[in-house]
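A quick write-up on the structure given underneath.
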Amino acid sequence: MSHSLALPSDITHPSISIITVPSPFTGSPLDKSKGNFKAWRNAIYPALALIGLWTYTKPNAKATAPSPLTEPRAFANWKENDRRSCAYIFSALSEAEFLMIDTLEEDAAEFWKRIERRHTNQIQSQSQSQAKAKAEVALTGPRLLAQVHLIQSAMDTCLSNDIPFQFVLGEISCKLDDAWAMGPVTLDSLKCIFVLHAAHSYKERQKSLLDFMINAPKSNPVTLIDMYKYISGDYE
Numbered sequence: 001m002s003h004s005l006a007l008p009s010d011i012t013h014p015s016i017s018i019i020t021v022p023s024p025f026t027g028s029p030l031d032k033s034k035g036n037f038k039a040w041r042n043a044i045y046p047a048l049a050l051i052g053l054w055t056y057t058k059p060n061a062k063a064t065a066p067s068p069l070t071e072p073r074a075f076a077n078w079k080e081n082d083r084r085s086c087a088y089i090f091s092a093l094s095e096a097e098f099l100m101i102d103t104l105e106e107d108a109a110e111f112w113k114r115i116e117r118r119h120t121n122q123i124q125s126q127s128q129s130q131a132k133a134k135a136e137v138a139l140t141g142p143r144l145l146a147q148v149h150l151i152q153s154a155m156d157t158c159l160s161n162d163i164p165f166q167f168v169l170g171e172i173s174c175k176l177d178d179a180w181a182m183g184p185v186t187l188d189s190l191k192c193i194f195v196l197h198a199a200h201s202y203k204e205r206q207k208s209l210l211d212f213m214i215n216a217p218k219s220n221p222v223t224l225i226d227m228y229k230y231i232s233g234d235y236e
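Everything in the sequence shown is counted per full-length UniProt numbering, starting at 1 for the first residue and increasing by one.
Here it is as structure tokens:
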């Protein structure tokens, strides 16, 4: 009976075609321990949207599926695209997330909902931490070191013919979002980070400047003038 109801166009020109996924997700994987959900979402959204799979993660995704009675071929293609959406999301998760999230091979909307549910508390916690961090003048020690490495890594990220443009943009955005999520970066700190980056050909001096910067007391963070004096041997 189902074949008698099928539209003739469904055989030759189904309303839904199978979407080809060029490659798995190449950005930083989602990892709650790194607090990178916001940056991860900013990276995976354009990747999914540009290949046409983002709609499969929306709450009303199933409403867009064609009728299996009148468009059986299009419906089968829709189901396959849904499975490919799940596979793509799966490729963007860290091993730790595999253990904590009940992953799905189909129903990308539910898969996405489970991920958001797991990370909702994390987002609220990050907002509270960031509000507290704004009261601080500057970061020191390991946190500052992590920020320096993330910002330098973002500066080193380049476009490539082998990697889709949107993935590179997502990677840069992810690194900078992670850096700023740790706390505010003052203009003086940013200037010093650029000096560190400029000294990449002089590893010993670069390490010395980095140690000087991260070991400074929170009440007296290093400025560009301090760096100049330190390099000149005039710093006291």
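We put the beta carbon where it would ideally sit given N, CA and C, even for glycine.
Counting the other CB atoms within 10 Å of its CB gives F98 a total below 16, which places it among the exposed residues. The Cβ neighbour count for C158, taken over all protein chains shown within 10 Å, is under 16; the residue is labelled exposed. Taking C-alpha positions only, I11 is separated from I193 by approximately 60 Å.
Secondary structure note for L187: its alpha helix (DSSP H) is the uninterrupted segment L187 to A198. The C-alpha of L144 lies about 56 Å from the C-alpha of P68. Going by C-alpha positions, F25 is about 14 Å away from A39. Pairing T70 with L5 gives a Cβ-Cβ distance under 8 Å. Here Y228 is exposed, its C-beta having fewer than 16 other C-beta atoms within 10 Å. Per DSSP, L144 has no beta bridge partner at all. Excluding the 5 residues flanking it on each side, Q206 has same chain C-beta neighbours closer than 7 Å at L196, A199 and H200, in chain order.
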